[in-house]
Amino acid sequence: MRSQVEKKIANKEKEGKETELRELAKAARAKRSGLAKSPKKEDDEEVRERDEIRKQRHEQRKREHNIARAAPGKQKELRSLEDRDISEQVALGLPAKKSGGDALFDQRLFGTSKGMDTGFDHGNDEAYNIYDKPWRSETTLSNHLYRPPKNRDLDTYGDDIEEIAKQKRFVPDKGFDGADPSAPRGSGPVQFEQDIFGVDELLADVKRGSKRGTDREDKDSKRRR
1 MRSQVEKKIA NKEKEGKETE LRELAKAARA KRSGLAKSPK KEDDEEVRER DEIRKQRHEQ
61 RKREHNIARA APGKQKELRS LEDRDISEQV ALGLPAKKSG GDALFDQRLF GTSKGMDTGF
121 DHGNDEAYNI YDKPWRSETT LSNHLYRPPK NRDLDTYGDD IEEIAKQKRF VPDKGFDGAD
181 PSAPRGSGPV QFEQDIFGVD ELLADVKRGS KRGTDREDKD SKRRR
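The sequence shown begins at 1 in UniProt numbering and counts up one residue at a time.
Written out as structure tokens, the structure is:
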């Protein structure tokens, strides 16, 4: 076993040396024949693109580092918000992304034209309400979504849309035999017809017959005793 391992190691070393010698010989032949090519220069556009990617990644790492240093718990929250789907953000009522510093503050607290009597109930500390307006009600994601126009069906179906709307979609084409659809619906309980086929009488006869059979069996057993 040991000899086989040593043999494999020797073969690998031999192959490596042969590969290295072949590369050296190839380079020497190319140098003598003057076929050696100078390294190809990279395209300026590709270089600029790579530099831009490096710059963006550097800024992203710097931003994450600053967030982690300032608020360690907020970094996880921001990452979870970035991974959310747009439908989840609409369902949760999250505000739309807006570039600006004004969105960081509640604008309801600034720019009021009146004094302390606006929303403070004349100084009553127990009943004041400064939030008399919704905060950023027009900047939610649901207000920026596309909504089809009201006349879209008219463009699709044309003048036939009124006839389609008048059709009774949940009414059967053929009613039951003997049923009058124009008859008024009764206000009382449902009235069933009398037993036409005599099922009740037949069941009563069967019960009486089974009872007679059990009585006869009891009498026979008493006589045998």
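Cβ atoms here follow ideal geometry from the backbone N, Cα and C, with glycine treated the same way.
According to the DSSP assignment, Arg-29 belongs to the alpha helix (DSSP H) that extends over 2 to 33.
Inter-residue distance for Lys-174 and Val-199 is about 31 Å (C-alpha atoms, whole angstroms). Our two residues, His-65 and His-58, have alpha carbons roughly 11 Å apart in a direct line. Across the structure, Arg-61 and Glu-52 are spaced so that their CA atoms are roughly 14 Å apart. In the displayed model, Gln-194 falls within coil according to three-state DSSP, outside both helix and strand.
DSSP, reduced to helix, strand and coil, places Val-171 outside both helices and strands of the structure shown, so it counts as coil. In this structure, the straight-line span from the alpha carbon of Ala-165 to that of Pro-189 is close to 35 Å.
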